[in-house]
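**Student:**
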Amino acid sequence: MSSTVQSIISTGFSGTMVDIECHLSNNLPTIVIVGFANKAVDESRERIRGAFATSRIMLPRKRITINLAPADLPKADSGFDMAIAVAILLADGQLQHILTDQDQVFIGELGLDGNVRPVRGIIGKLLTGRSKGIKTFYIPSANLSQAQLVPLVTLIPIDSLSALINHLLGVIEIKPIITGQGKYLAKSSVKSAILSSQISEVVGQAAAKRALEIAAAGGHNVFFSGPPGTGKSMLAKALPSILPPLNREEVLEVTHLHSLASLNYERIVDMRPFRAPHHSASYVAITGGGWPLRPGEISLAHRGILFMDELPEFGRTTLEALRQPLEDQFISIARSQGTTEYPANFILVATANPCPCGYYGNSSTNHNCSCLPQQIMRYRRRLSGPILDRIDLFTNIHEVHHNKLLSTNSDNNTDLEMRVRVQDARKCQINRFKTNSKLNADMTNSDIKQLAQLDSDAISLLNTAANRLNISARAYMRSVKVARTIADLEQSETINTAHISEALAYRRPVES
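Spelled out as structure tokens, the structure:
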């Protein structure tokens with residue numbers, strides 16, 4: 005007597021179909037699980053025994069062999085429990101072989117009390133199943149809110165093993181839920197503005213505020229340099245207040261990534277992430293990895309902000325790992341157990357002091373730099389040229405006079421006005437690229453040549469400046485991207501000399 009039931013395992017950002025094969029034989033009663041299963045899967049035997057006993061369902065007194073195919077794929081997922089239970093009952097004839105439809109899968113972890121617990125990475129599993137032609141998904145009820153983000157699938161939420169069996173036997177039917185293609189109503193535009201710092205709270209720093217506006221509009225990376233206590237971190241934390249809300253596709257991506265890494269893996273993430281890892285965080289914590297493979301801070305900042313305070317204090321290998329995501333918007337993780345890719349399209353906001361003590365070049369008489377020239381040079385060399393070349397906007401943050409700190413800002417509507425300009429600029433990019441997810445910072449060289457629209461004077465100015473400043477080809481193209489965003493903020497169809505001049509003003513200063 006044998007049966008086969010389908011389930012799905014998370015493999016990186018996506019998933020893989022797994023056949024749960026069950027065979028009953030007349031030997032000593034036991035449950036054997038084969039197919040490259042780890043301890044979490046192997047312990048499914050005890051969870052199933054407890055769930056069957058609590059739910060008063062007869063467990064066959066035979067040798068139960070469970071095979072997870074393909075057998076050469078490592079299995080590290082507790083979501084097979086429900087599928088294994090159904091396969092056992094089907095092989096024993098308790099479901100009377102009513103499961104003849106192969107267009108359905110079972111995903112869920114069983115508790116000893118028979119309840120079905122939520123699983124990690126439900127969105128990726130549903131997307132994988134849908135791409136394979138699966139029509140119906142039996143999932144834990146606690147995962148329903150996340151699962152409803154996936155369009156055009158049929159969901160049957162399950163609370164307990166007994167409820168599942170009653171539904172399959174037709175005793176008590178569970179109403180299926182068919183997800184639609186409707187727009188997701190994001191709430192983060194207001195919530196993020198309330199929960200994060202406000203740009204209007206920062207006194208002065210007009211150039212830095214302008215850099216944040218450009219970064220928010222075009223998805224550009226920002227670098228703030230200045231003495232301690234001048235507001236670099238405060239400015240970075242204020243950036244979410246002017247970012248537009250996540251759309252449905254972005255909520256789907258972000259929620260799925262956080263489900264793979266977070267303990268609260270049934271939660272919907274409807275606000276743009278703001279990740280601020282400490283410089284003591286390990287390489288794996290930043291980039292991702294471990295076993296099973298999990299996304300790191302770089303991927304958890306996807307569609308949001310990665311704030312790296314005191315960038316030179318991070319490890320050299322960690323900083324060099326930023327090269328790929330800053331250029332390609334994804335990160336590849338290769339380990340001996342497997343290889344996977346995670347999306348990593350974020351806005352990098354980095355800060356640094358001008359020297360180890362923080363006061364080199366400070367005009368204030370209260371603080372004089374105490375660093376030796378060798379110390380300053382060694383400190384600055386921690387940031388390689390290729391990393392700095394991938395940052396679009398460089399701004400020096402200066403000290404603000406104390407008599408201005410308690411003054412009331414005259415620009416109380418700065419946040420609202422900037423948010424409106426950012427949203428209008430992004431609408432220009434949606435019309436230009438015919439997609440909701442691509443920004444000016446994501447333009448390829450071919451996009452720049454076809455869509456940037458520089459006038460002749462702007463091209464001439466850019467070429468002259470490039471020769472005099474000796475900027476690299478990458479920096480040249482990135483300056484065009486920044487200029488395109490500045491033009492979008494002004495609702496200009498073409499890039500003129502003023503836009504190029506402002507973009508070049510944010511280039512990395514030449515060190516003396």
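Quick note, the sequence shown lines up with residues 5 to 516 if you use this note's numbering. All C-beta atoms, glycine included, are put in the ideal place defined by N, C-alpha and C.
Would residue 137 and residue 111 qualify as a contact pair, given that the criterion is a beta-carbon distance under 8 Å?
**Tutor:** No.
**Student:** Please check the pair residue 434 and residue 462, which I expect to be a contact at CB under 8 Å, by giving their CB distance rounded to whole angstroms.
**Tutor:** Not quite, the Cβ-Cβ distance comes to about 23 Å (not below 8 Å), so this is no contact.
**Student:** Return the residue from the list 407, 271, 466 and 491 that minimises the CA-CA distance to residue 426.
**Tutor:** Nearest C-alpha to residue 426: 491.
**Student:** Who are the Cβ neighbours of residue 194 in its own chain at under 6 Å, not counting the five residues just before and after it?
**Tutor:** Unreliable placement is indicated for residue 194, whose pLDDT of 37 sits below 50; no coordinate value is reported for it.
**Student:** Return the residue from the list 166, 160 and 168 that minimises the CA-CA distance to residue 182.
**Tutor:** Nearest option by C-alpha distance: 160.
**Student:** Only counting runs of 4 or more residues, tell me where the alpha helix (DSSP H) segments fall wholly within the segment 202 to 283, in order along the chain.
**Tutor:** Taking only runs of at least 4 residues, the alpha helix (DSSP H) segments lying wholly in the segment 202 to 283 are 210 to 222, 236 to 242 and 252 to 265.
**Student:** Only counting runs of 3 or more residues, tell me where the beta strand (DSSP E) segments fall wholly within the segment 115 to 201, in order along the chain.
**Tutor:** With a minimum length of 3 residues, the continuous beta strand (DSSP E) runs that stay inside the segment 115 to 201 are 140 to 144 and 158 to 162.
**Student:** Under a three-way DSSP split, which group does residue 485 fall into?
**Tutor:** Three-state result, residue 485: helix.
**Student:** Three or more C-beta pairs under 8 Å: does that hold for the segment 6 to 26 against the segment 61 to 74?
**Tutor:** Yes: the two stretches touch, three or more of their Cβ pairs being nearer than 8 Å.
**Student:** Counting along the chain, where does the alpha helix (DSSP H) carrying residue 505 start and finish?
**Tutor:** Where residue 505 is concerned, the enclosing alpha helix (DSSP H) stretches over 501 to 509.
**Student:** Nearest to residue 297 by CA position, among 471, 321, 323 and 261, is which residue?
**Tutor:** Checked all of 471, 321, 323 and 261; the closest Cα to residue 297 is 261.
**Student:** Run through DSSP, which three-state label would residue 111 get?
**Tutor:** It is coil, neither helix nor strand.
**Student:** Have a look at residue 89 and residue 176 and give me their C-alpha separation to the nearest angstrom.
**Tutor:** Whole-angstrom Cα-Cα distance: 19 Å.
**Student:** Within this structure, are the beta carbons of residue 108 and residue 140 separated by less than 8 Å?
**Tutor:** Result yes, Cβ atoms of residue 108 and residue 140 sit closer than 8 Å.
**Student:** Is residue 432 helix, strand or coil by DSSP?
**Tutor:** Note: residue 432 maps to helix in three-state DSSP.
**Student:** In the DSSP assignment, find the unbroken alpha helix (DSSP H) run with residue 86 in it and report its ends.
**Tutor:** It spans 85 to 96 - the alpha helix (DSSP H) in which residue 86 sits, taken as one unbroken run.
**Student:** Compare the Cα-Cα distances from residue 476 to each of 145, 394 and 278 and report the closest residue.
**Tutor:** Here the closest residue by C-alpha is 394.
**Student:** Figure out for me which residue from 271, 292, 366 and 20 has the closest Cα to the Cα of residue 122.
**Tutor:** Residue 271 is the option with its Cα nearest to residue 122.
**Student:** Between which two residues does the beta strand (DSSP E) carrying residue 23 extend?
**Tutor:** Counting along the chain, the beta strand (DSSP E) containing residue 23 begins and ends at 18 to 29.
**Student:** Does the beta-carbon of residue 48 have 16 or more other beta-carbons within 10 angstroms, so that it is buried, or is it exposed?
**Tutor:** Under this definition residue 48 is a buried residue.
**Student:** Going by DSSP, name the residue or residues bridged to residue 79.
**Tutor:** 41, per the DSSP bridge assignment.
**Student:** Assuming residue 381 is part of the alpha helix (DSSP H), what are its boundary residues?
**Tutor:** Note, residue 381: alpha helix (DSSP H), 377 to 384.
**Student:** Which stretch, first to last residue, makes up the beta strand (DSSP E) that contains residue 353?
**Tutor:** Here the beta strand (DSSP E) through residue 353 covers 351 to 356.
**Student:** Taking the continuous beta strand (DSSP E) assigned at residue 1, which residues delimit it?
**Tutor:** Because the chain spans 5 through 516 in this model, residue 1 falls outside it and cannot be assessed.
**Student:** So, for residue 329: in the same chain, excluding its five sequence neighbours on each side, which residues have a beta-carbon less than 6 Å away from its beta-carbon?
**Tutor:** These residues qualify, in order along the chain: 302, 335 and 348.
**Student:** In the DSSP output, which residue or residues are listed as bridge partners for residue 452?
**Tutor:** DSSP lists no partner for residue 452.
**Student:** Just to confirm before moving on: does the CB-CB distance between residue 510 and residue 326 stay below 8 Å?
**Tutor:** No, Cβ-Cβ distance for residue 510 and residue 326 is not below 8 Å.
**Student:** Counting C-beta neighbours from all protein chains within 10 Å, is the total for residue 38 16 or more, i.e. buried, or is it exposed?
**Tutor:** The residue in question, residue 38, is exposed, as its Cβ has fewer than 16 Cβ neighbours within 10 Å.
**Student:** Measure the Cβ-Cβ separation of residue 317 and residue 371 and say whether it is below 8 Å.
**Tutor:** Not a contact, by the Cβ cut-off of 8 Å.
**Student:** Measure the alpha-carbon distance for residue 205 versus residue 419 and round it to whole angstroms.
**Tutor:** The straight-line gap from Cα to Cα measures roughly 10 Å.
**Student:** Verify whether the separation of the beta carbon atoms of residue 222 and residue 479 is less than 8 Å.
**Tutor:** Contact: no.
**Student:** How would you label residue 376, buried or exposed, when you count the other beta carbons within 10 angstroms and need 16 or more for buried?
**Tutor:** The residue is exposed, with fewer than 16 neighbouring Cβ atoms inside 10 Å.
**Student:** Tell me the DSSP secondary structure of residue 328 in three-state form.
**Tutor:** The answer is helix: DSSP assigns residue 328 an H, G or I state.
**Student:** From 231, 54 and 40, pick the residue whose C-alpha is nearest to that of residue 76; which is it?
**Tutor:** Residue 40 is the option with its Cα nearest to residue 76.
**Student:** DSSP three-state call for residue 420: helix, strand or coil?
**Tutor:** Residue state, collapsed to three classes: helix.
**Student:** Where residue 165 and residue 30 are concerned, what is the direct C-alpha to C-alpha distance, given to the nearest angstrom?
**Tutor:** Approximately 26 Å between the Cα atoms of the pair.
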